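My numbering numbers the first residue of the sequence shown as 21 and each following residue consecutively. Working notes, beginning with the structure itself.
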Amino acid sequence: MCFLVSLANPLSRGTVHITSGSVQNLPAVDQYLSHPVDIEILARHVQWVPTLVGTKPLADYVKPNGAVLPKGTDHVKRNTVTFNHPCGTGAMMSFDLGGVVDDRLRVNSVNSLRVVDASVFPMIPKGFIQSSVYAVAEKAADLIKEGGLLLDLEWLRVSY
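See the structure below:
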């Protein structure tokens, strides 16, 4: 039996940078768990798991005298990983607040570049994110069409 403690809406803010040209190498993530509330929430949940396991009917399936967890915050700092719904690395919000794209999905300070994926979510949506990504893609298509930013390929037309 496995118990997983998850923090769906972390308050920590940082950056993600590529470390090489290979997709095999992990990115550099700074300020991971930098907000003390994130650590406290996770630690309290980790410390609550033994209470949960001690209740019926779970108690019938767990071996008594199992290993005792170390102090919650130390355990969280050593063992926390990112999983499941990665998003928010290019948040849609004011540049002054750390945003990367504007409300038309344009990258701040970069001409002719839009981001259309889960990275634009400033907060993690509840549940699976795929339907939200579809919605962003549909909205992006509309924005591009209405903004007249489709490439003018008329000059490529060949007359016979």
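Using N, Cα and C, we set each Cβ at its ideal position, and we do this for glycine too. What you are looking at is a predicted structure, and each value in this text was computed from that prediction instead of being measured.
- For residue 71, the uninterrupted alpha helix (DSSP H) segment begins and ends at 56-73.
- The secondary-structure analysis by DSSP pairs residue 143 with nothing; it has no beta-bridge partner.
- In this structure, the beta-carbon distance from residue 58 to residue 24 does not fall below 7 angstroms.
- Listed in chain order, the alpha helix (DSSP H) runs fully inside the stretch 90-116 are 92-99, counting runs of at least 4 residues.
- Checking the DSSP bridge columns, you'll see residue 126 partnered with 134.
- Residue 164: member of the alpha helix (DSSP H) spanning 150-166, first to last residue.
- Per the C-alpha coordinates, the member of 120, 38, 123 positioned closest to residue 46 is 38.
- Between residue 82 and residue 68, the alpha-carbon positions lie close to 15 angstroms from each other.
- Look at residue 79 here: in three-state DSSP terms it is helix.
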